[in-house]
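See structure below.
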Amino acid sequence: MAKKESNADQLITTIISGIEDVKGKDINILDLRDIENTVCDYFIICEGTSNTQVNAIVNSIQKKVSKELKDKPWHIEGEDNAEWVLMDYVNVVVHVFQKHIRQYYDIESLWGDAKTTVVETNY
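Structural data, given as structure tokens:
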């Protein structure tokens with residue numbers, strides 16, 4: 001069991017690093033493990049300022065996870081319009097938004113019971 005958690009921790013750390021490499025903003029980690037009937041253990045939510053930056057964040061995450069952990073997403077959705085891209089790593093799901101779409105859907109409020117960790121960035 002500890003092995004699974006350490007793999008999730010490694011994946012989360014690598015994803016966060018990929019987001020930070022291209023200056024993704026407002027990064028939150030939602031821990032969903034204590035909530036019943038969830039589809040995964042963690043959501044990582046961040047935003048980019050444009051379609052170009054959203055795509056850059058997604059590409060950065062993919063490259064970093066592939067290189068460091070030899071893993072790839074099970075599924076990716078939303079790359080065509082790059083307003084909300086969902087990357088499914090099974091136990092960890094990444095949501096990369098543009099700001100106005102993030103505010104509209106307000107996922108953090110929908111999952112208000114989750115433990116939320118705000119990731120501080122230095123840029």
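So the sequence shown is numbered by the working numbering: it starts at 1 and just counts up by one.
Even glycine gets a Cβ: it sits at the ideal position worked out from N, Cα and C.
No experiment lies behind these values; they were computed from the predicted model shown.
Out of 91, 78, 53 and 112, state which residue places its alpha-carbon closest to the alpha-carbon of residue 19.
-> Of the listed residues, the one whose Cα sits closest to residue 19 is 53.
Could you spell out the range, first to last residue, of the beta strand (DSSP E) harbouring residue 72?
-> Careful: residue 72 lies outside any beta strand (DSSP E) and carries neither H nor E.
Counting Cβ pairs closer than 8 Å, one from the segment 33–48 and one from the segment 107–120, do we hit at least three?
-> As far as the Cβ criterion goes, the segment 33–48 touches the segment 107–120, which means the pair count is three or higher.
Identify whether residue 90 lies in helix, strand or coil by the three-state DSSP scheme.
-> In this structure, residue 90 counts as coil in the three-state DSSP scheme.
For residue 96, which three-state DSSP category applies?
-> Here residue 96 sits in strand by DSSP.
Where in the segment 16–46 do unbroken runs of the beta strand (DSSP E), each at least 3 residues long, occur, reported from the N-terminal end onward?
-> Those beta strand (DSSP E) runs which fall completely within the segment 16–46 and span 3+ residues are 25–31.
Taking 8 Å as the CB-CB limit, is residue 9 close to chain E?
-> Although the question refers to chain E, the structure presented lacks it and comprises just one protein chain.
Under the rule that 16 or more other beta-carbon atoms within 10 Å means buried, what is residue 93, buried or exposed?
-> It counts as buried.
Exposed unless 16 or more other CB atoms sit within 10 angstroms - verdict on residue 102 = Residue 102 should be labelled buried.
By Cβ distance, which residues of its chain are closer than 6 Å to residue 60, with the 5 residues on each side in sequence left out?
-> Same-chain partners within the cutoff: 18, 21 and 22.
Have a look at the DSSP bridge pairing and note the partners of residue 84.
-> Residue 84 is bridged to 97.
Buried or exposed (CB count within 10 angstroms, at least 16 for buried), residue 42 = Sixteen is the threshold: when 16 or more other Cβ atoms of the shown chains lie within 10 Å of the Cβ of residue 42, as they do, the residue is buried.
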